[in-house]
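For reference, the structure is listed below as structure tokens.
There are 2 protein chains.
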Amino acid sequence: MKILKDRIIKDGIIIDNRVIKVDSFVNHQVDTALMNKMANEIINRFKDNKIDKVLTIEASGIAFAYAIASLLNVNLVFAKKEKTSNIGNDDVYSAKVFSFTHNNENTIVVNKKYLKNNENILIVDDFLANGEALKGLISLVEQANANVIGCGIIIEKGFQDGGRFLRNKGYHIESLAIIKNIKDNQITFE
Amino acid sequence: MKILKDRIIKDGIIIDNRVIKVDSFVNHQVDTALMNKMANEIINRFKDNKIDKVLTIEASGIAFAYAIASLLNVNLVFAKKEKTSNIGNDDVYSAKVFSFTHNNENTIVVNKKYLKNNENILIVDDFLANGEALKGLISLVEQANANVIGCGIIIEKGFQDGGRFLRNKGYHIESLAIIKNIKDNQITFE
Chain A
1 MKILKDRIIK
11 DGIIIDNRVI
21 KVDSFVNHQV
31 DTALMNKMAN
41 EIINRFKDNK
51 IDKVLTIEAS
61 GIAFAYAIAS
71 LLNVNLVFAK
81 KEKTSNIGND
91 DVYSAKVFSF
101 THNNENTIVV
111 NKKYLKNNEN
121 ILIVDDFLAN
131 GEALKGLISL
141 VEQANANVIG
151 CGIIIEKGFQ
161 DGGRFLRNKG
171 YHIESLAIIK
181 NIKDNQITFE
Chain B
191 MKILKDRIIK
201 DGIIIDNRVI
211 KVDSFVNHQV
221 DTALMNKMAN
231 EIINRFKDNK
241 IDKVLTIEAS
251 GIAFAYAIAS
261 LLNVNLVFAK
271 KEKTSNIGND
281 DVYSAKVFSF
291 THNNENTIVV
301 NKKYLKNNEN
311 ILIVDDFLAN
321 GEALKGLISL
331 VEQANANVIG
341 CGIIIEKGFQ
351 DGGRFLRNKG
361 YHIESLAIIK
371 NIKDNQITFE
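Residue numbers (this note's numbering), protein chains in the order written: chain A, 1 to 190; chain B, 191 to 380.
Printed below as a string of structure tokens:
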């Protein structure tokens, strides 16, 4: 999506060869006009699918997921991160998610009331890198015997393994900008 | 706001005399149609004010804040919670926020780039009880020498002190439902 790639080049802050910060328009300050355009683009890419609900994970996926769910006029559900493992809590679906960014493991949970058998779920997040968060969210949907329609992502780091792994598993992944590499302070898109 | 009060009575889950859960439509699953109606109502209540930006705190305020900011076509900023105190980090405004719900203290931060001198800021959150989160957010805005236009809240617990304290200080607080008390499994609104 050209408008997003241009914005990443203009306002993204390259930290190193693997990390780029987009907190001026995606995940700390949020440019709502851009976000709504990106939401429409994701909806267009999944236009052949019936979507009953949008699922994301707190906190930085919520704005994007809200924009999509609102335009589709469906409910949004955001999985919560918990420090304590929720094993033994029968009220929730849970999955473990390792964060390479923070070098820690979270348990993410969704109350069983909010993911139902046979619902068509679009999963959404701001970043896709190693795919740990998406794998956790997919697990929650599949525990509920609901259907993963696909995953809508703002920025995918194509040089990390998550996208390839999930596409090889057959999941429909749509990323609005895929970064091929970051070298010598330059971003190249696929 | 009648539609919200009706929904709280229909779907809110009373935990005890002080706690009501609305996670089926506000802060775990989000009813986007209701959220957009509530966002329009908040905008209407602040219609005499110029609003440059909407500020909230992760995670459960983000959907409501996004709905309002998107309708106003302005940016949203969400303050982040940090475990470590950010004293000595010159890049951020920070404030300490005690959570009575979780019985812990968080430091909330906003990068100084995203709150600017003289900007008109509408602060938004899902709940107002003791007012700790709002006091922290107000502090961030005032550290930036920006202007607190007011605070837009979904549910205020009128039986706790936050709303009274902040109104006495002269802040313009608008809450879409103010709970007077919860007794014998019955909610009474002001």
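Just so it is clear, CB atoms sit at the ideal spot from N, CA and C, and this is done for glycine as well. Fair warning: this is a prediction, and the values are worked out from it, not measured in the lab.
Assigned with DSSP and collapsed to three states, A/GLN160 falls in coil, not helix or strand. For A/ASN120 against A/ILE14, the beta-carbon gap comes to about 37 Å, at or over 8 Å, which does not count as contact. For A/PHE78, the chain B residues whose Cβ falls inside 9 Å of its Cβ are ASN217, HIS218, GLN219, VAL220, ALA249, SER250, ILE252 and ALA253, in order along the chain.
DSSP, read as helix, strand or coil, puts A/ALA59 in coil. Boundaries of the alpha helix (DSSP H) harbouring A/ASP11: 2-11, taken from the DSSP string. Under a 10 Å Cβ-count criterion, B/VAL209 is classified as exposed, with fewer than 16 other Cβ atoms of the shown protein chains found around its own Cβ. Contacts with chain A at 9 Å (Cβ-Cβ) include B/SER260. Apart from the 5 residues on each side of it in sequence, A/ILE178 sits with its Cβ closer than 7 Å to the Cβ of GLU156, GLY158, PHE189 and GLU190 in its chain, given in chain order. Legend: CB atoms of the region 89-109 of chain A lying less than 7 Å from CB atoms of chain B are not found in any residue. Taking B/GLU364 as reference, the option from B/ASP206, B/ALA253 and B/GLU231 with the minimal CA-CA separation is B/GLU231. Counting C-beta pairs with one atom in each stretch, the region 64-74 of chain A and the region 211-228 of chain B have three or more that are closer than 8 Å, which means they touch. Not flagged as an interface residue toward chain B: A/ASN49, since no C-beta distance is shorter than 9 Å. Residues ILE57, ALA79, ALA95, LYS96, VAL97 and ILE108 of the same chain have their beta carbon placed closer than 8 Å to that of A/GLY136, with the five preceding and five following residues left out of the count. Listed along chain A, no residue sits closer than 9 Å to B/LYS302 by beta-carbon distance, the nearest being about 12 Å off. Residue burial is scored here from C-beta neighbours: B/HIS292 has fewer than 16 other C-beta atoms within 10 angstroms and is therefore classed as exposed. Residue A/GLN29 holds the alpha-carbon nearest to the alpha-carbon of B/VAL244 among A/GLN29, A/PHE46 and A/SER70. Cβ neighbours of B/LYS370 within its own chain (closer than 8 Å, five residues either side excluded): GLY348, PHE349, THR378, PHE379 and GLU380. Distance from B/LEU312 to B/GLY340 at the Cβ level is roughly 6 Å; contact confirmed, criterion being Cβ atoms closer than 8 Å. At a C-beta separation below 7 Å, A/ALA33 has these neighbours in chain B: ASN263. The C-beta distance from A/SER60 to A/ASP126 rounds to 5 Å, short enough to fall under 8 Å. In the three-state reduction of the DSSP assignment, B/VAL331 falls in the helix class. Partner residues in the beta bridge of B/TYR283, as assigned by DSSP, are B/VAL300. In this structure, A/TYR171 lies near A/VAL148, with their beta-carbon atoms less than 9 Å apart. Taking a Cβ-Cβ cut-off of 7 Å, A/SER139 has no neighbours in chain B, whose nearest Cβ is about 18 Å from it. Straight-line measurement puts the Cα of B/GLU295 at about 40 Å from the Cα of A/LYS183. In terms of CA proximity to B/LYS237, B/GLY342 leads the group B/GLY342, B/LYS359, B/ARG354 and B/VAL331.
Distance between A/GLY12 and A/LEU134, taken at the CA atoms: about 23 Å. Between A/TYR171 and chain B, the shortest Cβ-Cβ separation is not below 9 Å. Looking only at A/VAL26, A/VAL22, A/LEU71 and A/SER139, the smallest Cα-Cα distance to A/ASN44 is reached by A/LEU71. Using a Cβ distance threshold of 9 Å, A/ASN145 and A/ASN117 count as a contacting pair.
Take the alpha-carbon of A/VAL141 and the one of A/VAL77: they are about 11 Å apart.
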